[in-house]
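By my numbering, the letter at position 122 of the sequence shown is numbered 122, and the numbering carries on one by one without gaps. One structure is given here, and the rest of the page talks about it.
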Amino acid sequence: MTLRRIAGHIYLLIVGILLASCGSKEVRDSAPDSGSVSIRNLPGDAVPRPEPRSRYGNGPVYEVLGKRYVVMDNGSGFKQRGVASWYGKKFHNKMTSMQEPYDMYAMTAAHKTLPLPSYVRVRNLSNDKSVVVRVNDRGPFVDNRIIDLSYSAALRLDMVRDGTSLVEIEVVGYGEPPGDRPVRRSTGSGSASPIPATSSAHRIYVQVGAFGSRENAQRRLGALKSAGISKAFVVKDTSSNPSLYRVRIGPIKGVVQYDILVEKLEKLHISDPYLINE
């Protein structure tokens, strides 16, 4: 391993420790001074473009706070649902894992294992607002958090005040069509209008299993009830052939409730809950 490579690993470890506080309730990052930015002068979505894999921040394996992370060789097709947080003034102009100055006004984000750089569409499950960001940093190194957004991206998703939100992220490749989700691309003017929500109310559920037999679904349901998870139920999905019996919990009313639920599920050795919004 070269000295340059060793230095890169040490730097990534330091950045990871710093970012471990991002998105936590104990340490809140700060927004810009009041009046310095508004939703009407935020940048548009990051536009995917061909970029070489960064020499920095791409592992292939790194360790932060005693946990090892393996960087993906290719993020194509990657989707994930979970909790997003944001980071702002505290890290503004400090170096990202890609050795770029962090700009809280740019449409960027941090992720633990996606290749750097990557482009992802982030959708707020509570209001259906959506943005595209460029992933150029590592983090957030906090349990149950999947992505750390720049201040501007969080503001456009209407999640700055709460600090966190339940989201879906999906890798967007160069030249891919935007699909059926509302995506606003930058026009180069430096300004963007707010993205309207497509619905005023969204119910969010946590799915903890899909079974081919009702008996197995009921067995999972019984375990949840015994653990004090009262909002669990079974729904029969006849769109599948054969039908599936899906075990769900909810509706979930925010990140705090979701965090508590995930902790309970871990004690039941259920480690793959999936967020559903309707």
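Backbone N, C-alpha and C define an ideal beta-carbon position, used for all residues, glycine too. In this text the structure is predicted, and so the values were computed from the model without any measurement.
- Between the CA atoms of Asp148 and Met95 - distance to the nearest angstrom: Indexing the sequence shown from 1 puts residue 95 at position 95. Indexing the sequence shown from 1 puts residue 148 at position 148. The C-alpha of Met95 lies about 15 Å from the C-alpha of Asp148.
- Task: Round the Cβ separation of Val208 and Arg219 to the nearest angstrom and send it over; I've been treating them as touching at under 8 Å.
- Result: Here residue 208 refers to the residue found at position 208 of the sequence shown. Here residue 219 refers to the residue found at position 219 of the sequence shown. About 12 Å separates the beta carbon of Val208 from that of Arg219, a gap too long to meet the 8 Å contact definition.
- Please report how far the alpha carbon of Leu275 lies from the alpha carbon of Tyr245, in whole angstroms. Taking the first residue of the sequence shown as 1, we reach residue 275 at position 275. Taking the first residue of the sequence shown as 1, we reach residue 245 at position 245. Roughly 16 Å between the two C-alpha positions.
- Item | Within 8 Å, strictly: CB atoms of Asn136 and Glu100 | Reading the sequence shown from its first residue, position 136 is the one you call residue 136. Reading the sequence shown from its first residue, position 100 is the one you call residue 100. Yes, the pair counts as a contact, with Cβ atoms nearer than the cut-off.
- Those runs of the beta strand (DSSP E) which lie wholly inside the stretch 61–143 and span at least 3 residues: Counting whole runs of 3 or more residues, the stretch 61–143 contains the beta strand (DSSP E) stretches 61–64, 67–70, 79–87, 108–110, 118–124, 130–137.
- Message: Looking at the strands, I want to know which residues DSSP matches up with Glu168.
- Response: As a working note, residue 168 is residue 168 in the sequence shown. In DSSP, Glu168 forms a bridge with Arg81, Arg123.
- Message: Please report the straight-line C-alpha distance between Tyr87 and Pro52, rounded to a whole angstrom.
- Response: Counting from one through the sequence shown, the residue named residue 87 turns up at place 87. Counting from one through the sequence shown, the residue named residue 52 turns up at place 52. Linking Tyr87 to Pro52 through their CA atoms gives a straight-line distance of about 26 Å.
- In the DSSP assignment, what are the bridge partners of Arg248? Here residue 248 refers to the residue found at position 248 of the sequence shown. Per DSSP, Gln207, Phe233.
- Message: If I measure Cβ to Cβ from Asn58 and keep anything under 8 Å in the same chain, skipping five residues before and after, which residues do I get?
- Response: Within the sequence shown, the letter at position 58 stands for residue 58. Contacts found: Val71, Pro115, Leu116.
- Pick helix, strand or coil for Asn216, following the three-state DSSP scheme. Here residue 216 is taken as the residue at index 216 of the sequence shown, counted from 1. Secondary structure of Asn216 (DSSP, three-state): helix.
- By how many angstroms is the C-alpha of Gly222 removed from the C-alpha of Lys264? In the sequence shown, residue 264 corresponds to position 264, counting from 1. In the sequence shown, residue 222 corresponds to position 222, counting from 1. If I take the Cα positions, the gap works out to 14 Å.
- Query: When we look at the beta-carbon of Tyr174 and count the other beta-carbons within 10 Å, is it buried (16 or more) or exposed?
  - Reply: One-based indexing of the sequence shown puts residue 174 at position 174. Tyr174 sits exposed, since fewer than 16 C-beta atoms from the chains shown fall within 10 Å of its C-beta.
- Message: Which residue wins for smallest C-alpha separation from Leu42, given the options Tyr56, Asp128, Tyr151?
- Response: The residue given as residue 42 occupies position 42 in the sequence shown. Looking at the Cα atoms, Tyr151 is the closest of the given residues.
- Query: Can the beta-carbon of Val132 be found less than 8 Å from the beta-carbon of Ala210?
  - Reply: Counting from 1 along the sequence shown, the entry for residue 132 is found at position 132. Counting from 1 along the sequence shown, the entry for residue 210 is found at position 210. Contact flag unset, no.
- Message: I'd like to know whether the C-beta atoms of Ile260 and Lys231 end up nearer to each other than 8 Å.
- Response: For the purposes of this step, residue 260 is identified with residue 260 of the sequence shown, where counting begins at 1. For the purposes of this step, residue 231 is identified with residue 231 of the sequence shown, where counting begins at 1. In this structure, Lys231 does not lie closer than 8 Å to Ile260 by Cβ.
- Item | Residue from Pro242, Tyr102, Ala154 whose Cα sits closest to the Cα of His92 | Locating residue 92 in the sequence shown gives position 92, where the first residue counts as 1. For the residues Pro242, Tyr102, Ala154, the minimum Cα distance to His92 belongs to Tyr102.
- Assign Val256 to buried or exposed, taking buried as 16 or more other Cβ atoms, counted over all protein chains shown, within 10 Å of its Cβ. By 1-based counting over the sequence shown, the position of residue 256 is 256. Counting Cβ neighbours within 10 Å, Val256 comes out exposed, since fewer than 16 surround it.
- Query: Given that a residue counts as buried once 16 or more other Cβ atoms are within 10 Å of its Cβ, and exposed if not, what is Gly77?
  - Reply: Translated into positions along the sequence shown, residue 77 becomes position 77. By the neighbour-count criterion, in which 16 or more other beta carbons inside 10 Å mark a residue as buried, Gly77 falls on the exposed side.
- Item | C-beta atoms of Asn144 and Val262 nearer than 8 Å | Counting from one through the sequence shown, the residue named residue 144 turns up at place 144. Counting from one through the sequence shown, the residue named residue 262 turns up at place 262. Cβ distance < 8 Å, so Asn144 and Val262 count as in contact.
- Query: Among the residues of its own chain, which have a CB less than 8 Å from the CB of Tyr205, if the five just before and after it don't count?
  - Reply: Along the sequence shown, one-based indexing puts residue 205 at 205. Once the five neighbours on either side are set aside, the close Cβ partners of Tyr205 are Arg248, Ile249, Gly250, Pro251, Ile252, Leu275, Ile276, Asn277, Glu278.
- Message: Buried or exposed, going by whether 16 or more other CB atoms sit within 10 Å of the CB of Asn74?
- Response: Position 74 of the sequence shown, counted from the first residue, corresponds to residue 74. Under this definition Asn74 is an exposed residue.
- If we call anything under 8 Å between Cβ atoms a contact, is Arg138 one with Ser165? Indexing the sequence shown from 1 puts residue 138 at position 138. Indexing the sequence shown from 1 puts residue 165 at position 165. The beta carbons of Arg138 and Ser165 sit no closer together than 8 Å.
- Message: In the DSSP assignment, the beta strand (DSSP E) including Ser240 goes from what residue to what residue?
- Response: Residue numbering aside, residue 240 sits at position 240 when the sequence shown is read from its first letter. Neither: Ser240 is in no beta strand (DSSP E) and is coded neither H nor E.
- Item | His276 - DSSP class collapsed to helix/strand/coil | Here residue 276 refers to the residue found at position 276 when the sequence shown is read from its first residue. The sequence as given places Ile at residue 276; His does not occur at that position. Shown here, Ile276 sits in a strand according to DSSP, grouped into three states.
- Can you tell me which of the three DSSP states Ser150 falls into? Residue numbering aside, residue 150 sits at position 150 when the sequence shown is read from its first letter. Here Ser150 sits in strand by DSSP.
- Using 10 angstroms around the beta-carbon of Asn127, count the other beta-carbons present and answer buried if the total reaches 16, otherwise exposed. Residue numbering aside, residue 127 sits at position 127 when the sequence shown is read from its first letter. In summary, Asn127 is buried, with 16 or more beta-carbon neighbours lying within 10 Å of its beta-carbon over all protein chains present.
- Query: Grouping DSSP H, G and I as helix and E and B as strand, with all else coil, what is Asp45?
  - Reply: Walking along the sequence shown from the start, residue 45 turns up at place 45. Three-state DSSP puts Asp45 in a strand.
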